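Right, one structure below, let's go through it.
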């Protein structure tokens, strides 16, 4: 069974630009969560999608948004990038009813210059 | 609000020895899960072990075991017979028993296994 995949793995953007990251969950997993990992703030929850609906949202500004498609693949978008958005972005998927088993992808390393 | 605290930023252990990583948490929930995740240099977050709060028995997975003290809100990880491949960041995490799927993470402990 293929694991969670994230694309791209590495990304360099300029301040003010926008970026879209993609996450494909494990087959059959309909819940996808996104996390931001930075040296200063650690791992922070961004949002969770289930069946194409945002189910939960962390404490991030509106520049951070996401969506989920009918095949459960999810994208997150960051508009008007700031230097502080440089981070490792991780997504995790889980089966409904087994929310305690979250499988993480390898992450996308975003660098904002 | 839930908080998870890991007070040991870095630790080291000799290969084949035993090491214990500490974690404390704060919550008003009665039903929850606790986890230890491992993040090696490859950055892939890997679940090491899970403990359900309603279970009194401490979870064990091969060389990894936990000491879950619910009243003290303490959840430590013991790694026995440490191997070079155990070198990684270890994160303690909390999830509510029902409702939101999000994990609350501690700041991590960087473990180095010395040959």
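Residue numbers (the numbering used here), protein chains in the order written: chain W, 3 to 115; chain L, 9 to 123.
Heads up, the beta-carbon is just placed ideally off N, CA and C, and yes, glycines get one too.
Quick caveat: nothing in here was measured; it's all calculated off a predicted structure.
Under the Cβ criterion of 8 Å, residue 106/W is counted among the residues facing chain L. Annotation: residue 63/L is outside any beta strand (DSSP E) and is labelled neither H nor E by DSSP. In summary, residue 40/W is exposed, with fewer than 16 beta-carbon neighbours lying within 10 Å of its beta-carbon over all protein chains present. Checking the DSSP bridge columns, you'll see residue 36/L has no partner listed. For residue 98/L, no Cβ of chain W is located within less than 8 Å of the residue's own Cβ. Taking the Cα positions, residue 27/W is about 33 Å away from residue 16/L.
Within 10 angstroms of the beta-carbon of residue 35/W lie 16 or more other beta-carbons, which makes it buried.
The alpha-carbon separation between residue 65/L and residue 15/W amounts to approximately 48 Å. 8 Å or more divides the Cβ of residue 61/L from the Cβ of residue 86/L.
Contact annotation: residue 117/L and residue 14/L have beta-carbon atoms nearer than 8 Å.
Within 7 Å of the CB of residue 35/W, the CB atoms of chain L belong to 109, 110, in sequence order along the chain. Look at the beta carbons and you see the stretch 15-25 of chain W touching the stretch 64-81 of chain W: at least three pairs across the two are nearer than 8 Å. In its chain, beyond the 5 residues on either side, 10, 12, 102 have a beta carbon closer than 6 Å to the beta carbon of residue 112/L. In the three-state reduction of the DSSP assignment, residue 114/L falls in the coil class, being assigned neither a helical nor a strand state. In the three-state reduction of the DSSP assignment, residue 13/W falls in the strand class. Cβ atoms of residue 45/W and residue 99/L come within 8 Å of each other, at about 7 Å. Taking 8 Å as the CB threshold, residue 112/W stays off the interface with chain L.
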